[in-house]
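To start, the structure under review is shown below, and the notes come after it.
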Amino acid sequence: MAAVMTIEELRHGLSRRKHLDKLFVVVGLLILMSCLGLLALLFLDLVRDGASRFGWDFLTQFPSRKAERAGILSAWVGTSMIMLVTAVVSLPVGVAAGIYLEEYAPKNWFTGIIEINVTNLAGVPSIVYGLLALGLFVYQFGFGQSVLSAGLTLALLILPIIIVGTRESLRAVPKAIREAAYGLGATRWEVTKDHVLPYSTGGILTGLILGLSRAIGETAPIITIGALSFIAFLPGSPVTGEFPFLNWDWLWSEFTAMPIQIFNWVSRPDQAFQQNAAAAAAILLGMTLAMNAIAIYIRYRFRKKINW
Amino acid sequence: MSTTATTRTAAMGEGVFSSLRYRKHRDRVIELILLAAALVAVFTTLAIVFILVYESAAFFEHVSIKDFLTDTQWTPLFDDAHYGIMPLVSGTLTVTFVALLVAIPLGTIIAVYLSEFATYRMRETVKPILELLGAVPTVVYGYFALLMVTPFLQKLIPDLPGFNMLSAGLVIGLMIVPYVASVSEDAMRAVPRYMREGSYAMGATRLQTAMRVVVPGALSGIAAAYILGISRAIGETMVVAIAAGMQPTLTFNPTEPAATITAYIVQVSLGDLPHDSIGYQSIFAAGLVLMLMTLVFNLIGFFLTRRFREAY
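Take a look at the structure:
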């Protein structure tokens with residue numbers, strides 16, 4: 178075949194292939210830019226729709242039947258409390274599991290099962306976690322439709338993210354550091370606690386914040402366990418002025434959260450409420466992006482400080 | 313003098329040994345605590361399976377499996393109750409199909425572009441943006457679908473209802489483009505450089521190298537990216553609950569409103585159904601079907617990635 182191909186044919190084929198190459202560069206760039214552009218446009222539109230509602234009142238007022246008087250006070254307080262429970266539960270469990278899998282676990286079928294489980298849990302649809310929590314936390318354990326149930330649910334949901342983050346940052350610590358510590362007679366836990374963990378704090382914090390930024394926007398699981406959309410009271414404050422200064426009632430309180438409030442407002446036909454939804458969505462989006470920015474900053478800072 | 317020194321050494325030796333014993337003992341206890349934390353993952357999986365099966369078993373005491381699979385209506389909350397899951401499955405599949413129609417071509421082209429054509433700076437700027445987009449709460453995408461995309465589509469298709477699967481599917485597709493692009497791009501970057509160089513040496517252009525060397529070489533990773541996208545689309549809840557409507561309808565026409573499995577679970581959860589009622593149990597049966605659908609696609613993905621795995 179090559180024998181019957183003339184120089185002209187070859188040149189023609191080559192120029193056609195080069196044209197296709199250039200065409201793909203244009204098409205690829207166009208598609209990339211239009212996807213990002215379309216999303217940027219949607220975000221800008223969201224901020225514009227909600228712009229009229231931004232303000233101090235919006236943050237300090239309870240939801241109301243009148244759109245212009247409604248605010249997100251109970252929503253952001255609820256979200257903060259849920260995030261507190263989620264962080265307090267998922268951080269120790271996730272880090273401990275990560276340490277076990279990376280530093281302790283022998284290579285055998287049992288460890289394999291745990292690892293497959295962690296991978297698969299990351300792919301389970303979030304609403305299924307909601308069903309799990311509804312059956313287990315709300316009814317079997319009797320925690321009810323409370324801040325505690327919601328926090329535990331989201332803690333389970335982000336556990337794989339924290340485990341994976343912990344493992345990656347532990348893996349980045351050079352073997353030489355562990356061997357030097359073992360050489361001085363340290364036990365495995367001493368090596369881990371005094372030498373490996375201090376170097377991986379940055380990575381672990383990054384994993385935690387990325388996990389929380391995922392949890393803060395999760396709507397489906399906490400609707401499933403029964404978040405209310407109209408809450409005109411705040412759970413009791415966790416800190417009190419009298420002895421013993423801590424109050425646990427808030428854990429058992431009914432709650433609402435930012436995404437629930439947005440869902441409730443967006444589903445109403447009244448346009449004034451949809452503006453509220455846009456404003457609340459823009460604030461939630463801002464919170465998520467801010468958390469991601471912090472995570473990226475922490476990762477950068479810690480990476481710069483370490484000199485092996 | 314020398315006796316005191318000897319006693320002191322002996323005492324120290326004993327102290328060292330007892331402290332070593334203590335430290336080893338402590339190590340053992342800590343290892344068990346760490347293991348317990350790792351087992352939380354296993355227990356979560358077991359608990360998910362147990363709760364779904366346990367509550368569904370109660371559901372299937374009232375409803376025969378045959379009705380569940382063949383009835384064409386899903387109305388568990390009505391007086392005239394029908395329990396056919398098919399309308400919810402058709403809704404889920406239609407939305408997923410529309411989403412994939414958007415996400416797979418766009419995501420793949422973006423991945424090829426970023427991996428093979430874009431400059432280093434371009435890639436280093438765009439990749440973090442793609443990852444950031446993955447963090448946007450889905451309820452925000454629901455707002456886009458209902459209040460921005462649907463009104464726009466209604467200008468193109470005048471008799472499009474306010475709730476429809478088309479708009480929800482398109483927005484979910486746009487939402488998972490960054491996932492598909494980012495994961496596929498990782499897979500393509502992992503194809504070793506010498507394979508590209510071999511292809512260039514034979515006179516292939518960049519596009520030919522990308523399509524005939526890099527993409528086939530990264531196929532197992534790209535398949536994994538698609539499966540990730542499918543799982544996300546099937547399990548996506550808020551966009552469909554907000555924009556696709558809540559009425560279970562047996563249809564594969566994306567311009568109609570229809571409920572998905574996830575939307576039905578949300579709808580029931582918003583009401584206050586008593587524990588142990590058939591409506592309460594029905595969401596667990598729906599959830600079980602959702603899990604099985606995700607599982608089937610993941611198994612297909614598992615075998616595809618195994619089939620196409622290239623070792624370098």
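If you're matching them up, the sequences are chains A and B in order. Residue numbering for the first sequence is 178 to 485, as defined by the numbering used here. Residue numbering for the second sequence is 313 to 624, as defined by the numbering used here. Note that CB positions come from ideal geometry on N, CA and C, so glycine has one too. Predicted model, so just to flag it, every value in this text is computed and none were measured.
I335(A) places its beta carbon less than 9 Å from that of A392(A). In this structure the region 380 to 389 of chain A lies against the region 346 to 355 of chain A, because at least three pairs of beta carbons, one per stretch, are closer than 8 Å.
Annotated as distal: G474(B) and L486(B), with beta-carbon spacing of 9 Å or more. With a 10 Å radius around the Cβ and a threshold of 16 neighbouring Cβ atoms, E509(B) comes out exposed.
Sixteen is the threshold: since fewer than 16 other Cβ atoms of the shown chains lie within 10 Å of the Cβ of V265(A), the residue is exposed.
Looking from the CA of V301(A), the closest CA among F615(B), R340(B), M603(B), V489(B) belongs to M603(B). For F440(A), the residues of chain B that pass the 8 Å Cβ criterion are V451, G454, M550, A553, I554, in the order they occur in the chain. Counting along the chain, R501(B) sits inside the alpha helix (DSSP H) bounded by residues 477 to 501. Contact between G403(B) and M477(B) holds, since their C-beta atoms are separated by about 7 Å, short of 8 Å. With contacts defined by Cβ atoms closer than 9 Å, V407(B) and A598(B) do not form a contacting pair.
For the region 569 to 599 of chain B, the set of residues with a beta-carbon nearer than 7 Å to any beta-carbon of chain A comprises T574, I577, V578, S581, L582, H587, I595, F596, G599, in chain order. Taking 9 Å as the cut-off, the beta carbon of T617(B) is found closer than this to the beta carbon of G533(B). T384(B) sits exposed, since fewer than 16 C-beta atoms from the chains shown fall within 10 Å of its C-beta. Close partners of Y277(A) in chain B (Cβ separation under 8 Å): E343, L346, L347, A349, A350. Straight across, the Cα-Cα distance linking I460(A) with L250(A) is about 12 Å. For P337(A), the uninterrupted alpha helix (DSSP H) run begins and ends at 324 to 348, by DSSP. In terms of Cα proximity to F456(B), the closest of L385(A), D371(A), G227(A) is G227(A).
Residues T401 of the same chain have their beta carbon placed closer than 8 Å to that of L308(A), with the five preceding and five following residues left out of the count. Within a 10 Å sphere around the beta-carbon of F609(B) sit 16 or more other beta-carbons, which makes this residue buried. Taking the Cα positions, G515(B) is about 35 Å away from I441(B).
For N441(A), the uninterrupted alpha helix (DSSP H) segment begins and ends at 435 to 443. S229(A) places its beta carbon less than 9 Å from that of A456(A). Runs of alpha helix (DSSP H) with 4 or more residues, each lying fully within the region 205 to 284 of chain A, are found at 233 to 237, 250 to 276, listed in chain order. Proximity of chain B to I400(A) at the Cβ level (cut-off 7 Å) is accounted for by V578, S581, L582, in chain order. Separation of the CB atoms of E428(B) and R505(B) is rounded to 12 Å, and the pair is thereby denied contact status at 8 Å. When Cβ pairs closer than 8 Å are counted between the two stretches, the region 442 to 452 of chain B is seen to touch the region 424 to 443 of chain A, the count reaching three or more. Taking a contact to require three or more Cβ pairs closer than 8 Å, the region 556 to 570 of chain B and the region 310 to 320 of chain A do not qualify as touching. Its Cα nearest to that of A545(B), the residue L412(B) stands out among R435(B), L412(B), T521(B).
If you keep only unbroken alpha helix (DSSP H) runs of at least 4 residues inside the region 328 to 365 of chain B, you get nothing at all. Of the residues I416(B), V424(B), L351(B), L468(B), the one whose Cα lies closest to the Cα of I484(B) is I416(B). Beta-bridge annotation (DSSP): Y395(B) is paired with W386(B). Secondary structure at D584(B): coil, using DSSP grouped into helix, strand and coil. The alpha-carbon of H394(B) is positioned some 50 Å away from that of L344(B). For a Cβ distance threshold of 9 Å, residue set N297, G300 of chain A lies close to N610(B), ordered along the chain. Residues of the region 201 to 212 of chain A with a C-beta less than 8 Å from any C-beta of chain B: F201, V202, V204, G205, L206, I208, L209, C212, listed in chain order. Nearest CB-CB separation between K439(B) and chain A: not below the 9 Å threshold.
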